[in-house]
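Everything on this sheet refers to the single structure shown next.
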Amino acid sequence: MNWADASAGWSWNPVTDLQQIWAFPFMVNAFRAGTVVAVLAAVMGWFMVLRRQSFAGHTLALVSFPGAACATLLGIGAGFGYFAFCVGGALVIAAIPRAGQGGSGQESALTGTVQAFLLACGFLFVALYKGFLGGVNSLLFGSFLGITTAQVTVLTVAAALALGVLAVIGRPLLFASVDENVAVGRGVPVRALSVVFLVLLGTATAEASQITGTLLVFALLVMPAAAAQQLTARPALSLALSVLIALAVTWTGLIAAYYSPYPIGFYVTTFAFAVHVLARAARTLDSAVDRRRFAGAGAVV
Amino acid sequence: MSAFTHPYFVHALLAGTAIALAAGLVGHFLVLRAQVFTGDALSHVAFTGALAALALGYDLRLGLFAATVLFAVLLGALGPRGRTDDVAIGSVFSWILGLGVFFLTLYTTSRNTGNGTAGVNVLFGSIFGLSSGQAELAALVAGLICLAVLAIARPLLFASVDEAVAAARRVPVRLLGLVFLILVGACAAEAAQAVGSLLLLGLLAAPAGAAAHLTDRPYHSLALSAGLAVAEMWAGLALSYSVPQLPPSFAIMAVATAVYAVAMIAVRRPRARVGLAEA
Chain A
4 MNWADASAGW SWNPVTDLQQ IWAFPFMVNA FRAGTVVAVL AAVMGWFMVL
54 RRQSFAGHTL ALVSFPGAAC ATLLGIGAGF GYFAFCVGGA LVIAAIPRAG
104 QGGSGQESAL TGTVQAFLLA CGFLFVALYK GFLGGVNSLL FGSFLGITTA
154 QVTVLTVAAA LALGVLAVIG RPLLFASVDE NVAVGRGVPV RALSVVFLVL
204 LGTATAEASQ ITGTLLVFAL LVMPAAAAQQ LTARPALSLA LSVLIALAVT
254 WTGLIAAYYS PYPIGFYVTT FAFAVHVLAR AARTLDSAVD RRRFAGAGAV
304 V
Chain B
0 MSAFTHPYFV HALLAGTAIA LAAGLVGHFL VLRAQVFTGD ALSHVAFTGA
50 LAALALGYDL RLGLFAATVL FAVLLGALGP RGRTDDVAIG SVFSWILGLG
100 VFFLTLYTTS RNTGNGTAGV NVLFGSIFGL SSGQAELAAL VAGLICLAVL
150 AIARPLLFAS VDEAVAAARR VPVRLLGLVF LILVGACAAE AAQAVGSLLL
200 LGLLAAPAGA AAHLTDRPYH SLALSAGLAV AEMWAGLALS YSVPQLPPSF
250 AIMAVATAVY AVAMIAVRRP RARVGLAEA
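Protein sequence lines correspond, in order, to chains A and B. Using the numbering used here, you'd call the opening residue of the first sequence number 4 and step up by one each time. Using the numbering used here, you'd call the opening residue of the second sequence number 0 and step up by one each time.
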């Protein structure tokens, strides 16, 4: 297949379209990396939303920007910077009691200051590294064009490790997230679980940053999980649903970004937001129908 | 002083002082009301608004103010005192950021006047790039925000510290909350011009957080927050002027963070007393 065939437009035939897209090695790698990231982000995000640690997730996501900028300044791979800063940031957040769970004004002022300062550090690294300005946008907003096979391998290994650890601590973590007091009473090590979870969340944000960029990681973490938890209350089902939504959003985002000049981050956030809005609408409609059915049956609420 | 012979420095000083004053006043109430996450969301909205205006060919500031004030009204309308669900705020603002990227690409690819650094300037600020007209307008708007905050300071303080009692005393709590959110939006748009939409959260949160550590008395803390913000702005500008490698917005953030850290270490008080004003 030559270049002219492969770069032809959308043909409404999914099979030939996918063949065209996958004729490029970088697109194959983007799909592999996107799949790994979507699964990991959806699972971690599901626990994050359940534990109401959105602010911590947002902060960890932003930490990846100075990480990547610092690594580039030092001349080492950006991937190392992502992992070092995100996991380090997770340990710092774990050290501050109750930080990242919303908290009171004083605690969120602290989190906000740390966030802004780290972003300012990222900007300083970028300013010190001359001629890097074009790269800022792809660090912040993501780019799937430059993913190499080696990076995909690293991503897959890290994701497998993170999901493996999560599988081990999954049951007690779910228990601790749903009812912390009872879990403490039953002798579950709640505090240790929380630290391990934050480190795993750091790993997930470090990975996802490489696809969606620093500013949009949060979208992939929060929206599929929030939509799935709107749709069903059963843990296993909504976890699976969250992964499915994240996969669908990432794949359609990649395809849309391939056929248009706009960046992938825009498509991923837009599709994810659309799913989230639909899920909320479905939930509202469903409970309205329920109420009417109860009223019709003569049940008094 | 040689710095004052450069017009760009004088403009930055004029605009920066007014913006820091407004950010210190508004930030104090933002921390008192535990609405820092809302400030975060408004800062992301500022980015999208500015780039949408650029992409459509309007003045950047028009987009900043229109987007932040509109979003503030929306937040105020959605929930009592603008406190909607964290996850809902998070979902909306991450989508809005994605929309900002869309406008950024639209701007850099479709308009031949567009330059690739516009997005970086909006995100991280370019206070040394203000013209005299821009600086004067920024100072004027920031002054108006300050006056508005001072005008509603008394009832707003009452409503923030004890909402139920304030409502019983016929203080219009809901209206005050909405007006305050609009002021936060306007202030975010102002501060975005100085330190950029990603860093303005630091200018809002750091002086207010430090002031809340240093004193419990509400009006002292309000004045201290504004004073600290202005001092940090001056120190940051001076630092950036004397060490040209440091971008001004980084220097301002670094000074603000250092002051906050010193305030936290110097004043170790029991948590209960710090939490007193929050209720």
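The C-beta atom is built at its ideal place from N, Cα and C for all residues, glycine as well.
- One thing to note: B:Leu53 has its Cβ within 7 Å of the Cβ of B:Tyr106.
- Close to A:Arg55, with beta-carbon spacing below 9 Å, are these residues of chain B in chain order: Asp85 and Val86.
- A Cβ of chain B is located within less than 7 Å of the beta carbon of A:Pro266.
- Against chain A, the CB of B:Val35 has a partner CB under 7 Å away; the residue lies at that interface.
- Distance from A:Val52 to A:Thr159 at the Cβ level is roughly 25 Å; contact not present, criterion being Cβ atoms closer than 8 Å.
- A check of alpha carbon separations from A:Gly70 across A:Trp25, A:Leu177 and A:Ala209 identifies A:Ala209 as the nearest.
- Nearest CB-CB separation between A:Ser111 and chain B: below the 7 Å threshold.
- As summarised for the region 191–243 of chain A, the continuous alpha helix (DSSP H) elements at least 4 residues long and confined to that stretch are 193–215 and 220–234, given in chain order.
- Any Cβ of chain A closer than 7 Å to the Cβ of B:Pro206 would place that residue at the interface, and such an atom is absent.
- Shown here is that no member of the region 23–39 of chain A has a Cβ falling below 8 Å from a Cβ of chain B.
- Of all residues in the region 119–152 of chain B, only Val119, Leu122 and Phe123 come within less than 8 Å of chain A when Cβ atoms are compared, listed by chain position.
- Linking B:Ala190 to B:Leu202 through their CA atoms gives a straight-line distance of about 8 Å.
- The region 244–261 of chain A makes no contact with the region 53–69 of chain A, as fewer than three CB pairs between them are under 8 Å.
- B:Leu24 is the residue among B:Phe8, B:Gly89 and B:Leu24 whose C-alpha sits nearest the C-alpha of B:Ala209.
- A Cβ-Cβ separation of about 21 Å leaves A:Thr206 out of contact with A:Ala243 under the 8 Å criterion.
- When secondary structure is reduced to three states using DSSP, B:Gln244 falls in the coil class, being assigned neither helix nor strand.
- With contacts defined by Cβ atoms closer than 7 Å, B:Gly124 and B:Ser248 form a contacting pair.
- Taking a C-beta distance under 7 Å as the contact criterion, B:Ser239 and B:Ala250 qualify as a contact pair.
- Under the Cβ criterion of 7 Å, B:Phe70 is not counted among the residues facing chain A.
- Residues are counted here when their Cβ sits less than 7 Å from a Cβ of chain A; for the region 203–232 of chain B these are Ala204, Ala205, Ala207, Gly208 and Ala211, given in chain order.
- For B:Ser159, the enclosing alpha helix (DSSP H) has its first and last residue at Ser131 to Val160.
- Remark: fewer than three beta-carbon pairs, one from each stretch, lie closer than 8 Å, so the region 31–46 of chain A and the region 192–201 of chain A are not flagged as touching.
- Here B:Leu197 carries a coil assignment [DSSP, helix/strand/coil].
- With 16 or more other Cβ atoms from the protein chains shown falling within 10 Å of its own Cβ, A:Thr217 counts as buried.
- Looking at the backbone, the Cα of B:Ala166 and that of A:Ala239 are separated by about 44 Å.
- Between A:Pro264 and B:Thr108 a beta carbon distance of about 6 Å is seen, short of the 8 Å cut, so the two are scored as contacting.
- Under the 10 Å beta carbon count, A:Asn32 is surrounded by 16 or more other beta carbons and is classified as buried.
- Within the region 173–200 of chain B, the residues whose Cβ lies closer than 9 Å to any Cβ of chain A are, in chain order, Val194, Gly195, Leu197, Leu198, Leu199 and Leu200.
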